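Below you'll find the structure, written out as structure tokens, and then a few comments.
There are 2 protein chains.
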Amino acid sequence: MPSPASSKGASLDHFWAVVPAGGSGTRLWPLSRAGAPKFLHDLTSSGRTLVQSTWDRLVPLATPERLLLVTGEVHAGAVRGQLPQLERGNLLLEPSPRDSMAAIGLAAAVVARRDPEAVVGSFAADHLIPDARAFGGAVRQAVAVAQEGHVVTIGIQPTSAATGFGYVRTGEPLDVEGAPDAVRATGFTEKPDAATAERYVAGGDHRWNAGMFVARADVLLGHLQAQLPQLHAGLLELAEAHEDLPAHKAADVVERVWPTLTKIAIDHAIAEPVAAAGGVAVVKGSFSWDDVGDWDALASLVPDLDGSSLRVLGDMESVVVQDSTGVVVPRGQRTVAVIGLDDVVVVDTDDAVLVTTRARAQEVKGVVEALRAKGRGDLL
Amino acid sequence: MPSPASSKGASLDHFWAVVPAGGSGTRLWPLSRAGAPKFLHDLTSSGRTLVQSTWDRLVPLATPERLLLVTGEVHAGAVRGQLPQLERGNLLLEPSPRDSMAAIGLAAAVVARRDPEAVVGSFAADHLIPDARAFGGAVRQAVAVAQEGHVVTIGIQPTSAATGFGYVRTGEPLDVEGAPDAVRATGFTEKPDAATAERYVAGGDHRWNAGMFVARADVLLGHLQAQLPQLHAGLLELAEAHEDLPAHKAADVVERVWPTLTKIAIDHAIAEPVAAAGGVAVVKGSFSWDDVGDWDALASLVPDLDGSSLRVLGDMESVVVQDSTGVVVPRGQRTVAVIGLDDVVVVDTDDAVLVTTRARAQEVKGVVEALRAKGRGDLL
Numbered sequence: 001m002p003s004p005a006s007s008k009g010a011s012l013d014h015f016w017a018v019v020p021a022g023g024s025g026t027r028l029w030p031l032s033r034a035g036a037p038k039f040l041h042d043l044t045s046s047g048r049t050l051v052q053s054t055w056d057r058l059v060p061l062a063t064p065e066r067l068l069l070v071t072g073e074v075h076a077g078a079v080r081g082q083l084p085q086l087e088r089g090n091l092l093l094e095p096s097p098r099d100s101m102a103a104i105g106l107a108a109a110v111v112a113r114r115d116p117e118a119v120v121g122s123f124a125a126d127h128l129i130p131d132a133r134a135f136g137g138a139v140r141q142a143v144a145v146a147q148e149g150h151v152v153t154i155g156i157q158p159t160s161a162a163t164g165f166g167y168v169r170t171g172e173p174l175d176v177e178g179a180p181d182a183v184r185a186t187g188f189t190e191k192p193d194a195a196t197a198e199r200y201v202a203g204g205d206h207r208w209n210a211g212m213f214v215a216r217a218d219v220l221l222g223h224l225q226a227q228l229p230q231l232h233a234g235l236l237e238l239a240e241a242h243e244d245l246p247a248h249k250a251a252d253v254v255e256r257v258w259p260t261l262t263k264i265a266i267d268h269a270i271a272e273p274v275a276a277a278g279g280v281a282v283v284k285g286s287f288s289w290d291d292v293g294d295w296d297a298l299a300s301l302v303p304d305l306d307g308s309s310l311r312v313l314g315d316m317e318s319v320v321v322q323d324s325t326g327v328v329v330p331r332g333q334r335t336v337a338v339i340g341l342d343d344v345v346v347v348d349t350d351d352a353v354l355v356t357t358r359a360r361a362q363e364v365k366g367v368v369e370a371l372r373a374k375g376r377g378d379l380l
Numbered sequence: 001m002p003s004p005a006s007s008k009g010a011s012l013d014h015f016w017a018v019v020p021a022g023g024s025g026t027r028l029w030p031l032s033r034a035g036a037p038k039f040l041h042d043l044t045s046s047g048r049t050l051v052q053s054t055w056d057r058l059v060p061l062a063t064p065e066r067l068l069l070v071t072g073e074v075h076a077g078a079v080r081g082q083l084p085q086l087e088r089g090n091l092l093l094e095p096s097p098r099d100s101m102a103a104i105g106l107a108a109a110v111v112a113r114r115d116p117e118a119v120v121g122s123f124a125a126d127h128l129i130p131d132a133r134a135f136g137g138a139v140r141q142a143v144a145v146a147q148e149g150h151v152v153t154i155g156i157q158p159t160s161a162a163t164g165f166g167y168v169r170t171g172e173p174l175d176v177e178g179a180p181d182a183v184r185a186t187g188f189t190e191k192p193d194a195a196t197a198e199r200y201v202a203g204g205d206h207r208w209n210a211g212m213f214v215a216r217a218d219v220l221l222g223h224l225q226a227q228l229p230q231l232h233a234g235l236l237e238l239a240e241a242h243e244d245l246p247a248h249k250a251a252d253v254v255e256r257v258w259p260t261l262t263k264i265a266i267d268h269a270i271a272e273p274v275a276a277a278g279g280v281a282v283v284k285g286s287f288s289w290d291d292v293g294d295w296d297a298l299a300s301l302v303p304d305l306d307g308s309s310l311r312v313l314g315d316m317e318s319v320v321v322q323d324s325t326g327v328v329v330p331r332g333q334r335t336v337a338v339i340g341l342d343d344v345v346v347v348d349t350d351d352a353v354l355v356t357t358r359a360r361a362q363e364v365k366g367v368v369e370a371l372r373a374k375g376r377g378d379l380l
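Same order as they appear, the protein sequences are chains A and B. Residues in the first sequence are numbered consecutively from 1, following the UniProt record's numbering. Residues in the second sequence are numbered consecutively from 1, following the UniProt record's numbering.
Dropping the structure here:
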């Protein structure tokens, strides 16, 4: 068995990266839309969209041959446009959302057919990880641990008692060569209440679960078979169709099998039950991470360039600010003027403008619901 | 001499209304622009623009034959479009702004040639006076007093210690038939400081000077000749050219004379010196009035239709509000969403959006200056 950790800087043998690109990101409306969700946007004005940045981070580890992306059929064109290097056979399309276990499981089943020794790592398409080098180091460790048969999650050092993230409890160190930061996972908690989150962060035993799972394909599929045999069988059939059947016949299989797949998150399907049995490890990542859940989160992530504390995500020339703090996102080819508001959020697009505060950014979801109720699907 | 007050409901004999339509209204940016200033907008969503409402108020008193409008050459097309009943010879065009004395004096000189017994009343094109009936009653009284040789201003009962308006001090009653609310004016104060304004309002002797002046044309021109003989001569020459010369010859006179006219407000040119000599009267108007100086003023004027205290000036359907107060002006054919802001001002237009608070509304002027400094005249 190769020792991935010994080949720093090069791609990792048998490592396959899977990027589930889903979710509509309604809390980032009006920029994020059903037809153009969060991962297709360059939220931080970095010059690359979130899915492109995800590609940039993973491709040195996996090579384009071993980088798969799973997304909704409606986003196929946009994804191909943004990722011209993505290989045609590596784009898996979902006819409808079936949650993360179906997406990752299908990719693992496809990968297992191509490489029986494959280690699969799953990484969301719409998270921000500025330090690609530290990220790569953690993935290398996770792959080393996964080679040993563990399901591995990369745990993020919490920087606040966030209630919007899941937490993983860390146990005793694992003695795996090339993985000094690996410990056993002793439990998962989904979005805790504020008091619990405070206790977790103060205690030091908990890390944010950023949804980055790494496992050997055979291990992952074995757990899936044990936990959810019907889902497992469906995914194997879909993988076989994707790999071996001509397109029109594969489409028949998708049409028949896809709607039968159990809608479940990988956390519930595998991570939690397997952790309870001692089969999950955590690699303690030493990089900053954010899922950019809302405009408030985004405002925190952007450097305060001109010292005024009002961040502009877009063309600075199209914003006029007087005595204000917060964030302005000018994406509507218009001038945005802000006077005398603190912690304001202004997001300007071609057909909608949002005005709120960082503290109320979570409530953007409610606006999206109100627009849906009004029959304004054109804006969503 | 006819008794105007005896013909209630009919037009007033020899009464000529003059509407100076100028000013760019920069504090109402981005709706009000140099090319489409305040008077051309329907700020309150009443269905009529400010200049149209001014027309509606005055035409029953003056008839279309005796209603003149003075505006910049660049606004001629827009004014004709909004006021199709305005007679061609009653639109006086200024090649450049020369302040209110030139505008009103020119109109008075034109009117004096048409009707030697004319009483001229000047009323801004961009003020709001909801009660046209009470306004008409005050004008009738002012005309009666003007017939006696006074320069008459209509004084507005202050509803706050505003520092943005001029004040006129009221003296002993005048005994003029048909004008029970007429008193002598004993002095004018331009935009006082806050303490002075408080004292004025508490004292009860002061009224807002709303810039509504009524006088016999011969009286007005006589005062002008005494105070500013050169300006007087220039205006008479322009009036003669307007009335008697063919267009191309009149244009030569305008080109030669207009730039020589003294730039001065009628308040300084006539009202103040004549008041000092006892020649100015005040009719105490009993109607509400507002010059809609900024978005804060506008927000106060608009009824709170849905009980949420957030006013929408435009299509309610294009606004989504959660837990906010203030005013939204959706004029950009887009959806405006506002969450969790108090006393906010959001003005959305095709090429610019303004976000501020009612308390900071005065500072919109600064944004306009900043845009001018940036060379963004296209937005102004």
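Using N, Cα and C, we set each Cβ at its ideal position, and we do this for glycine too. Here the structure is a predicted model, which means the values were calculated and not measured.
Should A:L220 and A:V120 be called a contact, given that it needs their Cβ atoms to be closer than 8 Å? yes
What residues from chain A crowd round B:A251, counting only those whose CB sits closer than 9 Å? The premise fails here: B:A251 is roughly 38 Å from chain A at the closest Cβ pair, so nothing lies under 9 Å.
Could you have a look at A:G285 and say whether DSSP puts it in helix, strand or coil? strand
Based on Cα-Cα distance, which residue from A:T335, A:E317, A:D342 lies nearest to A:D323? Looking only at A:T335, A:E317, A:D342, the smallest Cα-Cα distance to A:D323 is reached by A:D342.
Could you tell me whether any Cβ in chain B is nearer than 8 Å to the Cβ of A:D343? no
Cutting at 6 Å between CB atoms, please list the residues of its own chain near A:H223, excluding the five before and the five after it. I270, V274
Distance, Cα to Cα, B:L28 vs B:D290? 14 Å
Which residue wins for smallest C-alpha separation from A:G187, given the options A:R133, A:A281, A:V336? A:A281
Using a Cβ cut-off of 7 Å, which residues of the segment 294-325 of chain B contact any Cβ in chain A, in chain order? V320, Q322
C-alpha gap between A:D56 and A:L86, whole angstroms: 11 Å
Determine the contact status of B:T262 and B:L228, defining contact as a CB-CB distance below 8 Å. Their beta carbons are under 8 Å apart, which means B:T262 touches B:L228 by this criterion.
Straight-line Cα distance separating A:V79 from B:V347: Answer to the nearest angstrom: the Cα atoms are 36 Å apart.
So, using beta-carbon positions, are A:V18 and A:A107 closer together than 8 Å? yes
Do you know offhand how far B:L12's Cα is from A:D378's? 56 Å
Return the residues of the segment 369-380 of chain B that lie within a Cβ-Cβ distance of less than 9 Å from chain A, sorted by chain order. A370, L371, K374, R376, L379
Since B:I339 sits in a beta bridge, which residues does DSSP pair it with? B:Q322
Would A:Q147 be called buried (16 or more neighbouring beta carbons within 10 Å of its own) or exposed? Only buried fits A:Q147, as 16 or more other CB atoms lie within 10 angstroms of its CB.
Proximity test, Cβ basis, 8 Å: B:L354 and chain A: yes
Compare the Cα-Cα distances from residue 436 of chain A to each of A:M316, A:P37, A:A138, A:L245 and report the closest residue. The displayed coordinates of chain A run from 1 to 380. Any statement about residue 436 of chain A would go beyond what the structure contains.
Spell out whether any CB of chain B is found under 8 Å from the CB atom of A:A277. no
Could you name the residues of the same chain whose beta carbon sits closer than 6 Å to that of A:Y200, not counting the 5 residues immediately before and after it, in chain order? Y167, H206
Locate the alpha helix (DSSP H) running through A:G137, then write down its first and last residues. If you look at A:G137, you'll find it in the alpha helix (DSSP H) that goes 132-147.
Span of the alpha helix (DSSP H) around A:L106: 99-114
C-beta neighbour in chain B for A:G25, strict 8 Å: no
Beta-carbon proximity of A:T71 to A:L93, cut-off 8 Å: yes
Report yes or no: is there a C-beta of chain A within less than 8 Å of the C-beta of B:G366? yes
CB contact check: B:R33 to chain A, cutoff 8 Å: By this cut-off, B:R33 is not an interface position.
Does chain B have any CB closer than 8 Å to the CB of A:G340? yes
Where A:G178 falls: helix, strand or coil (DSSP): Coil, per DSSP.
Contact list for A:V336 against chain B, beta-carbon separation under 9 Å: A352, V353, L354, V355
Check whether the Cβ atoms of B:F213 and B:S122 sit closer than 8 Å, and answer yes or no. yes
Determine, using beta carbons only, whether A:V338 and B:V355 come nearer to each other than 8 Å. yes
Look up B:A36 in the DSSP assignment and say whether it is helix, strand or coil. strand
Can you list the residues of chain A that B:R358 reaches, using a CB-CB cut of under 7 Å? Those do not exist, as B:R358 stays about 10 Å from chain A at its closest Cβ, beyond 7 Å.
Quick one: what does DSSP say A:E117 is sitting in, helix, strand or coil? coil
Could you tell me which residues DSSP puts in a beta bridge with A:S122? A:V18, A:F213
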